[in-house]
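Structure record follows, encoded as structure tokens.
There are 2 protein chains.
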Amino acid sequence: MNEVIKLINNHRSLRKFSEEKLSQEEIENLVGAAQSASTSSYVQAYSIIGVTDEEKKKQLREISTQSYVEHNGHLFVFVVDFYRNNELAKKFDQSISYDKTENLIVGVVDASLAAQNMAIAAESMGLGMCYIGSLRNDVNKVKEILDLPEATFPLFGMVVGHPTTKGSQKERLPFKEIYHENTYQRMEQVESIIEEYDQSVSEYYKERTNGQRDDKWSEQVVKTLMKKQRLDVDSFLKSQGFLGQ
Amino acid sequence: MNEVIKLINNHRSLRKFSEEKLSQEEIENLVGAAQSASTSSYVQAYSIIGVTDEEKKKQLREISTQSYVEHNGHLFVFVVDFYRNNELAKKFDQSISYDKTENLIVGVVDASLAAQNMAIAAESMGLGMCYIGSLRNDVNKVKEILDLPEATFPLFGMVVGHPTTKGSQKERLPFKEIYHENTYQRMEQVESIIEEYDQSVSEYYKERTNGQRDDKWSEQVVKTLMKKQRLDVDSFLKSQGFLGQ
Chain A
1 MNEVIKLINN HRSLRKFSEE KLSQEEIENL VGAAQSASTS SYVQAYSIIG
51 VTDEEKKKQL REISTQSYVE HNGHLFVFVV DFYRNNELAK KFDQSISYDK
101 TENLIVGVVD ASLAAQNMAI AAESMGLGMC YIGSLRNDVN KVKEILDLPE
151 ATFPLFGMVV GHPTTKGSQK ERLPFKEIYH ENTYQRMEQV ESIIEEYDQS
201 VSEYYKERTN GQRDDKWSEQ VVKTLMKKQR LDVDSFLKSQ GFLGQ
Chain B
1 MNEVIKLINN HRSLRKFSEE KLSQEEIENL VGAAQSASTS SYVQAYSIIG
51 VTDEEKKKQL REISTQSYVE HNGHLFVFVV DFYRNNELAK KFDQSISYDK
101 TENLIVGVVD ASLAAQNMAI AAESMGLGMC YIGSLRNDVN KVKEILDLPE
151 ATFPLFGMVV GHPTTKGSQK ERLPFKEIYH ENTYQRMEQV ESIIEEYDQS
201 VSEYYKERTN GQRDDKWSEQ VVKTLMKKQR LDVDSFLKSQ GFLGQ
């Protein structure tokens, strides 16, 4: 296993950083790495907004409810972006389609590939990072704070900074569960693998909390996914010109 | 700039590979790297299907229209996957929600972050890779070929193999165009940057084709996005239980 794969496998989400800011060179290196990712048909359907304004960071923290969003680290917001392409089309007296779920998916994939490149670049520089999906708790407000135009969608944030903690890793599903060969394997084929995994995750929590917590992965994700949340994302997307009929 | 960032920045999509197959160890390293990416609330809402069956590869090539999908490289298909979580919920006599665009986005982001980790891992091993978004040309057929259950969506493929060509890179949008500070910058603020970029892309094509081709980035993406394509993705997603009302 080479050094790059070791770095990738050593990923952990960090939420505490020192006060030391990123330099302009670091920011440009991170954004450059993000941009080097593949992009569907060269459309580059995303933008990255760096938020340094203290008042804006405070407002975004209130949306995400995560205090570290406000207090330290450089905050990048990844935005699905068809506004740029749409404005260019107007110059040619044309109009483009971005109103199908297919188009939205192209933008979400483009932005995500770019973000993951940035995540690895950050960790390779000795920096720590964490995704902030919880910016989607109030996408209308994020639009207002960042003055986003139509045909854009704030997908997630990422904080990047100089770490002050080591963080920990959560074990992933076993290879045999995530990787299928030629045909999708149904639940009855993998049930025992998930049971073993549940045991292993449960032991991790017990150890980390001195026996206070021992929930299994299955229980935890079912609880998470039972919650109906961010129900305004659909109507927001429609108001931005996505998901038309 | 460190070695990892140089590797990331040196990315190029490769479509020709030797006949040499990936070893089981290589496949496990690639999937392990993919799984190390962040996952929204630990849900791990994706699966990866490795396609080695020649008949299935042929059928998938017919969908994507890209001959290299059939002929060489290891073909991974990244699938947005709430089936696993949904089956687990049934065991607890519960049901989960995955019928909002928000849920679909969680799965698309999870799968994309994992895939980009795999892409970098592959390149770090001296392998080449290329995304295959064109599997979405016929998602119903992909479902049939891979026997996908409800609550899943085939997002894209990725071929990985031993390269026989060097490939080339397409210049990305300038830093000042993709990166905004605190507030989204409208078209009138960046028009001249895009014009310069268009010139630069145009020169690249001229050089590569001995003057035969000189189209600008703007024209190219507008043409791409004017096409209405993959119009059945919406109805497929609905039939799989996504995008409910």
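Protein sequences appear in the order of chains A and B. If you read the first sequence in the working numbering, its first letter stands for residue 1, the second for the next number, and so on. If you read the second sequence in the working numbering, its first letter stands for residue 1, the second for the next number, and so on. A virtual CB, placed ideally from N, CA and C, is assigned to each residue, including glycine.
- In the structure shown, the three-state DSSP call for A/Glu20 is coil.
- Here the alpha carbons of B/Phe92 and B/Lys143 stand approximately 27 Å from one another.
- With a cutoff of 8 Å on beta-carbon distance, B/Ala111 and B/Phe78 are scored as near each other.
- DSSP, reduced to helix, strand and coil, places A/Tyr205 within a helical segment of the structure shown.
- Taking 8 Å as the threshold, the shortest C-beta distance from A/Ser47 to chain B falls below it.
- Of all C-beta pairs linking the region 209-221 of chain A to the region 109-125 of chain A, fewer than three are shorter than 8 Å, placing the two stretches out of contact.
- When CB distances to chain B are screened at a threshold of 8 Å, the residues of the region 218-236 of chain A falling below it are Ser218, Glu219, Gln220, Val221, Val222, Thr224, Leu225, Met226, Lys227, Lys228, Gln229, Arg230, Leu231, Val233 and Asp234, in chain order.
- About 40 Å separates the beta carbons of A/Glu181 and A/Gln240, which is beyond the 8 Å limit, so they are not a contact pair.
- Boundaries of the beta strand (DSSP E) around A/His180: Tyr179 to Glu181.
- Beta-bridge partners of B/Tyr46 (DSSP): B/Val80.
- By the Cβ neighbour-count rule, A/Leu231 is exposed, with fewer than 16 other Cβ atoms within 10 Å of its own.
- Secondary structure note for A/Thr101: its alpha helix (DSSP H) is the uninterrupted segment Thr101 to Ser124.
- Here B/His11 has Glu123 as same chain residues with Cβ atoms under 7 Å from its own Cβ, once five neighbours each way along the sequence are excluded.
- In terms of Cβ geometry, A/Tyr184 and B/Ile49 form a close pair [threshold 8 Å].
- Looking only at B/Tyr83, B/Leu135 and B/Tyr98, the smallest Cα-Cα distance to B/Lys57 is reached by B/Leu135.
- Not flagged as an interface residue toward chain A: B/Asp93, since no C-beta distance is shorter than 8 Å.
- Look at B/Gly161 here: in three-state DSSP terms it is strand.
- Put simply, the region 160-180 of chain B does not touch the region 85-103 of chain B. Fewer than three CB pairs are less than 8 Å apart.
- Sequence-ordered contacts of the region 68-79 of chain B with chain A are nonexistent [C-beta pairs closer than 7 Å].
- Per DSSP, the continuous alpha helix (DSSP H) segment holding B/Ile5 begins and ends at Glu3 to Asn9.
- Within the model, the alpha-carbon separation for A/Leu7 versus A/Ser95 is close to 44 Å.
- Secondary structure at A/Thr224: helix, using DSSP grouped into helix, strand and coil.
- Judged by DSSP in its simplified three-state form, B/Leu146 adopts helix.
- Judged by DSSP in its simplified three-state form, A/Ile132 adopts strand.
- For A/Gly50, the chain B residues whose Cβ falls inside 8 Å of its Cβ are Tyr179, His180, Glu181 and Asn182, in order along the chain.
- Flagged as an interface residue toward chain A: B/Ala37, by a C-beta distance shorter than 8 Å.
- Taking the Cα of B/Ala34 as reference, the smallest distance to any Cα among A/Tyr179, A/Thr52 and A/Gln35 is reached at A/Tyr179.
- Distance between A/Val43 and B/Met226, taken at the CA atoms: about 12 Å.
- Residues of chain B with a Cβ closer than 7 Å to the Cβ of A/Glu28 are, in chain order, Phe175.
- In this structure A/Gly157 is in contact with A/Val69, their Cβ atoms being roughly 7 Å apart against a cut-off of 8 Å.
- A distance of 8 Å or more separates the beta carbons of A/Ser36 and B/Asn2.
- A direct Cα-to-Cα measurement between A/Gln24 and B/Leu30 gives close to 33 Å.
- Proximity of B/Thr101 to chain A, defined by a Cβ-Cβ separation below 8 Å, is satisfied.
- Beta-bridge pairing by DSSP links B/Val51 to B/Leu75.
- Contact between B/Leu173 and B/Tyr204 fails: their C-beta atoms lie close to 14 Å from each other, not under 8 Å.
- Annotation for B/Leu231: no alpha helix (DSSP H) segment contains it, and DSSP assigns it neither H nor E.
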